[in-house]
Amino acid sequence: MLAAKANLNGIASGDMAVYFDHRIEAPESSGVPSQLTWHPVLPVLAVASNSSTTGGNVDLYLQQGEYVESCHLERPHPPTVLRWHPLKPVLALGWENGEVVLLIHPVGHQTVLPIAHTACITLLEWSGSGSRLVTGDQTGALAVWKVDARGRLQGNHLVKHEYNKPLTCCIFRPATPGDDVAMLARASVSGDESALDMFSWKGAPLKMGPQEGLAFYVSTADGKVHYVDEHCKTSLLLSVEGAIKKLFYLEKREALAVITETLMLSQYTLGPEGGAQEFMKVKLSSKSGQNVNIVWTENGLLITATGEQVIRLWDLERDDNFVLPLDETLGFERGEMINCVSYCAEKEILAGGTSHGRIAIWKMVVLSGSSRGDNKAQWKLQTPTEIQGNVTQLQWGSSLNLLAANNSNTVLILCEHLMSAHFSQQVAAVQLTPTQLSITQFATGAHLALQSEIHIKGVCVTKDSVTVWSGKQITVYELTETVLRNTGSFPCDSPIVTVHGENLYTVEPNRVQIRTPQGTVKQLLTFSKAEGNPVLLSVCQYYLVVGTDTAHIRVFDLSRRDAKAHCNAKNLADQIANLGALRSVKCNANGSQVSILITQVNGRPDHKVYFYDVEMDTVTHFDFFVGRPSSGISQQEESERQQFQGTELSGRCPVSHFWDESEPRLFVCETVPISSESSSTSVLDTTDVSVVTLFCTQEHGLLLQDCYPKPSGLQALLALDVPYYCFSCKPGERDLNVPEISATTSAPAHPTQQPKGSAAKFPHMVSRRALRDFVGLENCEKATRDAMLNFSFYLTIGDMDEAFKSIKLIKSKAVWENMARMCVKTRRLDVARVCLGNMGNARAAKALKEAEAQPEPEAQVAMLAIQLGMLEDAEKLYKSCQRYDLLNNFYQASGQWQQALETAENHDRIHLRTTYYNYAKYLESMGDKTRALTYYENSDTHRVEVPRMLQDDTSSLEIYVNKMRDKNIYKWWAQYLESQSNMDSALRFYEHAQDYLSLVRVHCYMGNIEKASEIANDTGDRAASYHLARHYEGHDDIKQAVHFYTRAQAYNNAIRLCKENGLDDQLMNLALLSNPEDMMEAACYYEEKGTHMDRAVSLYHKAGYVSKALELAFATQQFSALQLIADDLNENHDPALLARCSDFFITHSQYDKAVELLVAAKKYQQALELCVTQNLTITEGAGRNNDCN
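Residue numbering for the sequence shown follows UniProt numbering, starting at 1 and increasing by one per position.
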């Protein structure tokens, strides 16, 4: 038997599948295979072959290539067309001489159709349900035959048409949904009582599905398409240029696609009366001179192989096209051409046969967040399967989705098989090819390669043996550190086998057989008819669990010489709603719990894991769709933790499950997301796998212990073996702690050639990853391991007393660190403080203490995670509590600058500039000044930081200064130039910066006083004027100094110069412009000098010193000034002063003013007397004040 090779990297990178190949057992009389076709449902393959001596023959083969002797046909003419009945095992055969034969499998009965053709048969086509058969020949003769429900011919042909041109294609038009209802309605209207009864009958709902379509389209070599209706009447539908190669019916659009020999594609909409209207026409690309293989899929995809290194695809529904190339890195060769294609709709797999004897497989992959319209990104090329020769024809077929391949010499049947793998008792086995296993012994580190003589459909290992089976035969190998020895091989058709000690457990209807390694049956475990047939077996320690096809489970105790029932049979259908079938059953180490995965009635995998408590006879579950068990935990903190973890688990489905072989409480489950486009055949997205660990106890139920994302490079979970998870993996991804030890297999009973270069041929395929609680403790002793498990369990249920009791004798810092890591997951900061104390980690303890100031518990736990190096956990915690400011700081501290920038831009904008600045400093420290410059600009600190950063690179700095045109940067650059004594350039950049002070300062330094004065006068800049005034003062130019002090509004300096230089005239004006203090100082100056006393009085008055001004006015007889001052007097001033002023006004006959001052001084009697004597009118205000008095 030819073994199909598979590249190891490709197998690992796919979904762990290999293809078992079977060469057909062709009789010697058969010639070169020319055609092959599968029955749509049954696993029966028809192969036509030609021989130069015998003519042609047709043979039938079964699933594994078995020849069906009763169904051999031989004629002196070659066969031309093969077509299977869509439902019955009836094959229609067309021969070159015009003969048509119906062959019935498996009896081999042959029915030769009455003579209707005299030329080569070119087409055979069955209707959708097989009630009509259309035959056509090279001369254009077409006949329609009627076939009964058993596939037997009913008399002569119904009709025969002559088209006078070779017939090329025929396609039936499917009935549209609701056709039966429409026909019943028409019959009811015409008075058909039976039709009316069907509408009104309450006994059963009216079937709304489509009937069989009997109308069809037939094409000829001259480019015409004819329509033949259900009454076999023919009419011309359309014409195209050139011979027609293919016809396809687009059911969603109700359109017809026509492809000519020149690969011109035309699409036509079809009217209800048979008319056609072209709406699209395009030329398909191809390699000239090559035979083109064309495939049409139900979802509107046109696939062509044209002898190139690519497959071309046209999406007719979306008017899109793309190519799928071969990849040399997967094992294809340069110049390798694709000859043929075939598509499996159920598995969504596209296969292409190449000129170098390989079969390329593309799988449809629907990633989360994408849709099936993104075709190019979804087709994933797998590693090829090699069958040798030149692959000329491929076809998927049967309900088993088998692939037949014609390589011009023979035909091979390939069946996809998920690679077998098993782990138990520190031994792991992973299938590499259909007949090869990679075996690893972790206890010794030995690595062995097993080459079997049978196709391996399953494997089971123990510490002493490796057992493989094919479904027909079982072979047992004795396992030592360096040798695998064949100890027994016997025929057995059990589809599943498990091993315990020296016993093998196989199944047959209604019983489990316990056998020796040589196949001798030692004991039978029988099942009643109601309990069903055993279909699932699993062993853990001394317990065997059996699942049946009627959803019953039984557990047996294997600790004695004979297996004994551990519990009664349990019918899970009574406990689990919507149960279709058991998918997998596993029991724990002490036989107290059984975990179950099921398939629902609709064929889809259930998103729950069920647990059967053997002692309590109860069933609970953990629902991965909502991320919660069937019964929660009462502790508040536990509920919060479960809720947090639930967000990582919701929307998932379990795919495999395991119990630890030594710890009965510990359970692990592999889960994948449920696809949004779920169907019975494709519901799971295997690109995002999480490994979920649970504690399962009778007292506390189901407790979530950890959720671990499967690392990239690893494949399926194989087992839970504390302190490790065990995964199958790609070559090169194995556990580096496992040394590779050369080993060989002993010669089997029938010697076979051993593979060369076994080290490269058989790489390590198993990788171990430590559990969260055992990172760094992988090699700890059993006592420490048990203590850690107990601590984790008690911590999970919240029993801190028992948790600390379990670890009180542990002194290892590594153990305490692992326990601190547990506290991150469980959010027990109180326990974490104890762990940090025992670790002696003062820095972490201090950081945790400071983090307690944060109001969110998650933020506090995140700081603990950071101190323990659990950065991913810290990130998730900060996100969960939405502390984006702390998350931003975390990203910066850990060097994750892109994430820090995204966080600041989207969630923490208050710290956006700070983040930009810090990132710029980081880039500067890394020498990336170009990017640092950009982020300094984003942080708005570039005016200072960029010149500082570039000060050693003056040419770059000058370019930057001229580019930015920023005043502050201009000023910095001018100062730099000034420091370099480049005064002319400095003046130019000071001018660009509009820094007039610096301009004046430099001009003064250079002696350009007139230019400096011009700048100060023109700009009015106070600082520049002040500097220039100081310069003039230093050079005794008092007049100019006073002028520029005045422009600078430095009046005190100008006043000082006026006093010192006797500029009394300017002094008065400057004092009035200045503040009260300067006014007071100038007034004192005038008073002391004894001249211009009126100025002194006025300045005292302006400065607010009214009393001083009055006294000086009385003393110097400044009556005009006194009148001005009196206008500001009121009742708040000194009454004596007011009376003195009134006397002054009486003396000068200003009685009205005197009365106002007397009233303000509250001398009302005198004011009245003055009014009377001087005949003055009493004002309303004065009268009111008098009345009040």
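For every residue, glycine included, the Cβ atom is placed at its ideal position computed from N, Cα and C.
For clarity, every value in this text was computed on a predicted model and none was experimentally measured.
Would the beta-carbon of residue i fall within 9 angstroms of that of residue j?
| i | j | result |
| --- | --- | --- |
| Arg827 | Met800 | no |
| Gln860 | Phe793 | no |
| Ile454 | Gln473 | yes |
| Tyr268 | Leu302 | no |
| Cys1004 | His1031 | yes |
| Val775 | Asn409 | no |
| Gly357 | Ile338 | no |
| Lys570 | Tyr543 | no |
| Gly128 | Pro174 | yes |
| Gln1047 | Asn1008 | According to the sequence provided, residue 1047 is Arg. The question's Gln does not apply to it. It is not a contact, given that the beta carbons lie outside the stated cut-off. |
| Leu448 | Val468 | no |
| Ile359 | Val391 | yes |
| Lys283 | Thr306 | no |
| Gly627 | Trp38 | no |
| Ala1024 | Ile1015 | yes |
| Leu153 | Lys160 | no |
| Leu402 | Cys340 | no |
| Thr122 | Thr80 | yes |
| Glu254 | Leu236 | no |
Please return the same chain residues whose Cβ sits closer than 6 angstroms to the Cβ of residue i, not counting the five positions on each side in sequence.
| i | result |
| --- | --- |
| Ile259 | Lys245, Lys246, Leu265 |
| Thr526 | Arg511 |
| Ser746 | For Ser746, the pLDDT reaches just 40, beneath the cut-off of 50, and the residue's location in the model is therefore unreliable, although a value from the coordinates is still provided. Hits under 6 angstroms: Val483, Arg485. |
| Thr443 | Residue identity check: residue 443 is Ala in the sequence provided, not Thr. Closer than 6 angstroms at the Cβ level, and outside the excluded window around Ala443, lie Gln426. |
| Ile866 | Ala874 |
| residue 1193 | Since the first and last residues shown for the chain are 1 and 1189, residue 1193 lies out of range. |
| Asn578 | Gln600, Val601 |
Compare the C-alpha of residue i against each of the options and name the closest.
| i | options | result |
| --- | --- | --- |
| Ala581 | Asn571, Asp1036, Asp549 | Asp549 |
| Glu125 | Val112, Lys608, Gly94, His105 | Gly94 |
| His657 | Ser595, Gly471, Asp786 | Ser595 |
| Ala565 | Ile576, Gln523, Pro605, Arg604 | Gln523 |
| Ile115 | Gln593, Cys707, Pro27, Ala143 | Ala143 |
| Met964 | Leu933, Thr1173, Met983 | Leu933 |
| Thr440 | Ala577, Gln395, Arg768, Met280 | Arg768 |
| Gly108 | Trp972, Tyr61, Cys120 | Tyr61 |
| His621 | Cys653, Arg560, Leu702, Asn588 | Leu702 |
| Gln35 | Val41, Pro27, Leu45 | Leu45 |
| Val58 | His22, Ala215, Tyr19, Ile104 | Ile104 |
Name the DSSP bridge partner or partners of residue i?
| i | result |
| --- | --- |
| Ser342 | Ala351 |
| Asp623 | Lys608, Arg628 |
| Thr671 | Pro654, Ser690 |
| Lys570 | Ile553 |
| His500 | Asn503 |
| Trp95 | Pro79 |
| Cys169 | Ser219 |
| Pro384 | In the DSSP output, where bridge partners are listed per residue, Pro384 has none listed. |
Keeping to the same chain, check which residues put their C-beta closer than 7 angstroms to that of residue i; ignore five residues upstream and five downstream.
| i | result |
| --- | --- |
| Ser939 | Arg913, Tyr916, Tyr917, Ala920 |
| Thr1173 | none |
| Ala345 | Thr297, Glu298 |
Residues in the same chain with beta-carbon distance under 8 angstroms from residue i, minus the five sequence neighbours each way, listed in chain order, please.
| i | result |
| --- | --- |
| Tyr1051 | Tyr1045, Leu1070, Ala1071, Leu1073, Ser1074, Asn1075, Asp1078 |
| Leu326 | Gln309, Val310, Phe332, Glu336, Ile338, Thr354, Ala360, Leu381 |
| Ser219 | Leu167, Thr168, Cys169, Cys170, Val225, His226, Ile244, Leu247, Val258 |
| Ile1055 | Leu1067, Leu1070, Ala1071, Ser1074, Asp1078, Glu1081, Ala1082 |
Cβ of residue i less than 9 angstroms from any chain B Cβ?
| i | result |
| --- | --- |
| Ala141 | No chain B is part of this structure, which consists of one protein chain only. |
**OP:** Tell me, please, whether the region 602-620 touches the region 696-713 by the rule of three or more beta-carbon pairs shorter than 8 angstroms.
**Re:** yes
**OP:** Kindly confirm or deny that the region 64-79 and the region 417-431 touch, where touching means at least three C-beta pairs closer than 8 angstroms.
**Re:** no
Original post:
Should the region 81-95 be called in touch with the region 432-439, which here means at least 3 C-beta pairs below 8 angstroms?
Top reply: no
Original post:
Between the region 802-816 and the region 843-851, do three or more beta carbon pairs fall short of 8 angstroms?
Top reply: no
**OP:** Evaluate contact between the region 98-112 and the region 50-57, counting only Cβ atoms and requiring at least three cross-stretch pairs below 8 angstroms.
**Re:** no
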